[in-house]
Amino acid sequence: MKNKLNALRQKMREQKLSGFLVPHTDEHQSEYTPSYAKRIAWLTGFKGSAGLVAVTLSSAAIFVDGRYTLQVRDQVDMKVYQQMKLYEDKVEDWLYDNLKEGDVVGFDPWLHDKASLKRVEKKLSSKGIILKAVERNPIDEVWDDRPSPSIAEVKAHDVRFAGETSSAKRKRIALNLKELGADALVITSLDSIAWLFNIRGTDVECTPLVLSFAILYQSGKADLFLDPKKLTDDVSKHLGKSVSCYAKDEFVDALSALGKKKKSVMVDPKRAHKAIFDFLSDDEAEIIEVEDPCQLDKACKNQVELDGTRAAHVRDAAAVCRFLRWLDENGVSGKYDELDAVKKLYEYREVVPLFRGNSFDTISGAGSNGAIVHYNVKEAKPKKIEKNMLYLVDSGGQYLDGTTDITRTVVIGDPTEEQRDNFTRVLKGHIALAQARFPKGRTGAHLDTLARKSLWDVGLDYDHGTGHGVGCYLGVHEGPQSISPLGHSVALQAGMILSNEPGYYKTGEYGIRIENLVIVRNSDFRGQERPMHTFETITLVPIDTRLVNAHMMNVAEITWLNIYHAKVREKTASLLSGKDSEWLMKATEPITSL
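Residue numbers are given in the working numbering: position 59 of the sequence shown equals residue 77, and the series is strictly consecutive.
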């Protein structure tokens with residue numbers, strides 16, 4: 019990895035740069051980047067799904083969040099890179115401390131949003147350090163075996179799964195343009211484009227997205243920019259005459275044309291790149307900075323999508339139950355490792371109707387590896403699953419009718435009392451959130467503490483959000499909704515799908531996480547004086563009661579768990595037989611505090 023860093027620094031010298039910023043994302047600000055855009059992974063070896071690297075001619079730093087605190091140390095040479103906290107340490111402060119007046123920091127304008135760059139520029143300019151956009155990304159200049167972007171065919175997403183035609187969506191979103199007096203909306207987020215045009219693809223691993231840009235006009239017509247090799251006659255027919263398709267490299271010309279005509283253009287400053295603003299403003303377009311309206315509309319699922327995702331979760335639950343039965347039967351033997359478990363779980367999922375692949379790389383953590391929040395067994399030496407350890411498996415499936423994400427922590431053999439106590443505290447937090455009833459207009463930040471209180475009571479916590487949004491045959495992580503200390507910008511609304519996943523991680527020993535997906539629903543609680551919301555849990559897999567200390571739970575919590583297990587049994591029993599059915603009956607037996 020040091021040779022790659024040296025090669026980058028040589029290109030920086032040729033471009034007269036003293037520093038360079040390397041973000042995790044691609045030109046679409048995607049969380050999960052396609053292979054050709056994994057610049058941090060190529061440069062440093064870090065394979066996490068979030069991060070930022072800053073390089074000077076004599077030093078380098080990698081910024082990661084709490085999920086990757088341990089993983090980054092395993093994958094990155096810490097003698098070369100300084101480890102920093104992504105959301106606590108500021109990259110501009112690091113650059114300020116490591117550079118001098120007159121130095122130039124380069125950035126690729128297609129990989130950074132306008133808001134973050136403005137913050138960095140303000141800090142650096144106070145010391146006379148210049149922030150400069152580069153025409154050629156120096157990493158791309160030295161990345162000899164860089165993969166090419168995918169040219170896989172686009173697929174139409176049938177309205178029987180989408181619940182609404184693309185034309186209807188475009189007309190509804192176009193009303194936002196009229197209300198704001200905008201002529202056009204520039205869309206750069208791949209999930210927004212997939213949702214708006216009812217198309218899916220295989221360009222991004224585990225997420226059915228299509229590499230593309232789009233411009234929607236006030237009339238409801240649209241331009242779609244993508245590699246023409248990806249289009250088929252069926253997809254062209256599906257898109258219809260109101261959608262004009264162009265090559266992806268024609269997007270810049272289309273932006274310039276909007277500017278030259280002095281059009282009013284809506285752009286999301288959090289999702290669009292600095293380059294887009296530059297092309298529009300250079301040609302005098304009037305830019306209206308607003309949140310991409312597709313994001314919130316997409317997050318509030320229609321009835322067809324909700325019914326579909328419920329059905330997908332039932333089928334997915336049966337596959338996970340079969341896996342957990344296999345694990346109970348074989349885990350204590352010591353013959354299987356974490357990767358064997360990943361393969362076995364996939365075998366059970368791949369035969370499920372409408373399955374289209376994993377929704378993310380399965381996290382399969384045995385013992386101490388369970389404490390690595392986003393542990394990736396493919397990037398490590400698989401650990402054996404053995405007796406008297408905890409095993410954490412976080413996985414999900416992509417189905418034509420929905421996306422699943424579930425975490426279960428199970429005991430192989432016998433747990434310690436400490437493990438049972440901490441598992442029960444995580445479970446109590448999970449139940450507290452699942453049972454929440456909250457006023458309309460509240461955000462996820464208002465609810466996050468419910469899941470943490472039982473841990474906080476004894477001085478414990480976890481370094482990740484409690485819940486993220488989930489798409490419908492789209493991203494397993496979607497915005498704008500979330501349940502976290504930072505999730506205060508968007509109110510939770512009926513039809514949104516989120517995860518409920520508190521956890522606890524004891525470094526070097528074990529990890530605990532319990533994750534179900536929930537749907538936000540309107541509450542009809544008798545006597546309520548104002549509009550309220552509640553959650554419907556749609557994940558249907560038993561929670562390991564061998565890890566539950568019932569004496570720590572109150573009556574309401576025990577009742578919730580027993581009712582949940584009764585529902586699991588009711589919904590999945592017909593899909594299981596033989597040993598799997600016997601396992602389900604045992605795993606869903608009611609518990610008592612006596």
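Cβ atoms here follow ideal geometry from the backbone N, Cα and C, with glycine treated the same way.
Asked, Found
"Taking the CB atoms as reference points, tell me whether L565 and L408 lie closer together than 9 Å.", "yes"
"Applying the 10 Å Cβ sphere with the 16-neighbour rule, what's the burial state of P127?", "buried"
"So, helix, strand or coil for S48, using DSSP?", "coil"
"The alpha helix (DSSP H) that contains N21, what's its start and end?", "20 to 32"
"Hey, how far is the Cα of K34 from the Cα of A272?", "32 Å"
"Taking the alpha-carbon of M102 as reference, which of K396, E519, R426, A68 has the nearest alpha-carbon?", "A68"
"Cβ atoms of V261 and D286: under 9 Å apart, would you say?", "no"
"Taking the alpha carbon of H464 as the point to measure from, which residue in V172, S500, I233, V429 has its own alpha carbon closest?", "S500"
"Please identify the residue among V123, N216, E159 whose C-alpha is closest to the C-alpha of K316.", "N216"
"What residue range does the alpha helix (DSSP H) around M603 cover?", "596 to 605"
"Quick one: using the 10 Å Cβ neighbour count with 16 as the cut-off for buried, is L504 buried or exposed?", "exposed"
"For a test of the three-state rule: what should DSSP assign to M284, helix, strand or coil?", "strand"
"Using 10 angstroms around the beta-carbon of P165, count the other beta-carbons present and answer buried if the total reaches 16, otherwise exposed.", "exposed"
"Name the DSSP beta bridge partners of S413, please?", "I424"
"For M407, does the three-state DSSP call read helix, strand or coil?", "strand"
"In its own chain, which residues sit with a C-beta less than 6 Å from the C-beta of N534, not counting the 5 before and 5 after it?", "N518, T555, T557"
"Buried or exposed: which applies to K29, given that a residue is buried once 16 or more other Cβ atoms fall within 10 Å of its Cβ?", "buried"
"Run through the DSSP bridge pairs and tell me what K150 is partnered with.", "G124"
"Alpha carbons only, please: which of N440, D296, F38 is nearest the one belonging to V270?", "D296"
"Applying the criterion that 16 or more other CB atoms from any shown protein chain within 10 Å of the CB defines a buried residue, is A584 buried or exposed?", "exposed"
"Output the residue ranges of the beta strand (DSSP E) runs that lie fully inside the stretch 514 to 588 and measure 3 residues or longer, sorted by chain position.", "515 to 518, 521 to 524, 528 to 531, 534 to 540, 550 to 555"
"Below 8 Å on the Cβ atoms is my guess for F373 versus G415; work out the distance and round it to an integer in Å.", "6 Å"
"Are L61 and K97 touching if we call contact CB-CB under 9 Å?", "no"
"So, at 8 Å on beta carbons, what are the nonlocal neighbours of C224 in its own chain, with the 5 sequence-adjacent residues on each side left out?", "Y50, G375, N376, S377, F378, D379, Q416, V494"
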